[in-house]
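Residue numbers (our numbering): 12 to 154.
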């Protein structure tokens, strides 16, 4: 588990079909997934088609590296889905995830190549890069 409750997730719930946003996972094999969903506590999680759910072996190298390194810089940040334009952040500790609305794909450019990280002023922003963010990025102030 990269970010979430201390307890293990024992049960993952979803709707019965994709017509009502249900997700189909390969549960019989040994396929591993990266799943971003809503933890309901007590070892339960709820997922929908709008959540980020990707087979582990289809993640980009940037995503895998970021999970173990860069994403830790965003543990205090909240990623909010943008379901339609316009959409806005409601707090400075949010990053808008816009892949679905801009590309009609949950695994788009933003998901593959960017990390939402916390800057020194307490705000969160998307960062793209292979190297760790430079201090100038972390210290930047928006007008």
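The beta-carbon is built from N, C-alpha and C at its ideal position, and this holds for glycine as well.
### Query
Can residue 34 and residue 60 be called in contact, C-beta distance under 8 Å?
Cβ distance < 8 Å, so residue 34 and residue 60 count as in contact.
### Query
Whose CA, out of 90, 95 and 94, lies closest to the CA of residue 102?
Comparing Cα-Cα distances from residue 102 to each of 90, 95 and 94, the minimum goes to 90.
### Query
Since residue 115 sits in a beta bridge, which residues does DSSP pair it with?
DSSP, once it has assigned bridges, lists no residue as partnering residue 115.
### Task
May I have the straight-line CA-CA distance separating residue 55 from residue 113, to the nearest angstrom?
Using only the alpha carbons, I get a separation of about 31 Å.
### Query
Between which two residues does the beta strand (DSSP E) carrying residue 55 extend?
Under the DSSP assignment, residue 55 falls in the beta strand (DSSP E) whose first and last residues are 55-57.
### Task
Kindly give me the distance between the Cβ atoms of residue 105 and residue 67, rounded to whole angstroms, as I take these residues to be in contact under 8 Å.
About 26 Å separates the beta carbons of residue 105 and residue 67, which is beyond the 8 Å limit, so they are not a contact pair.
### Query
How would you write the range of the beta strand (DSSP E) that residue 107 sits in, first residue to last?
Per DSSP, residue 107 belongs to the beta strand (DSSP E) from 105-108.
### Query
residue 110 to residue 17, Cα distance in whole Å?
Put simply, the backbone Cα of residue 110 is about 29 Å away from that of residue 17.
### Query
Counting along the chain, where does the beta strand (DSSP E) carrying residue 89 start and finish?
89-92 is the extent of the beta strand (DSSP E) around residue 89.
#### Entry: Three-way DSSP call (helix, strand, coil) for residue 3 in this model
With the chain covering only 12 through 154, there is no way to say anything about residue 3.
### Query
So what's residue 42 in DSSP terms, helix, strand or just coil?
Taken through DSSP and simplified to helix, strand or coil, residue 42 comes out as coil.
### Cβ pair residue 77, residue 47 closer than 8 Å
Taking 8 Å as the cut-off, the Cβ atoms of residue 77 and residue 47 do not count as close.
### Message
In this structure, how does DSSP classify residue 131 when only helix, strand and coil are distinguished?
### Response
Residue state, collapsed to three classes: coil.
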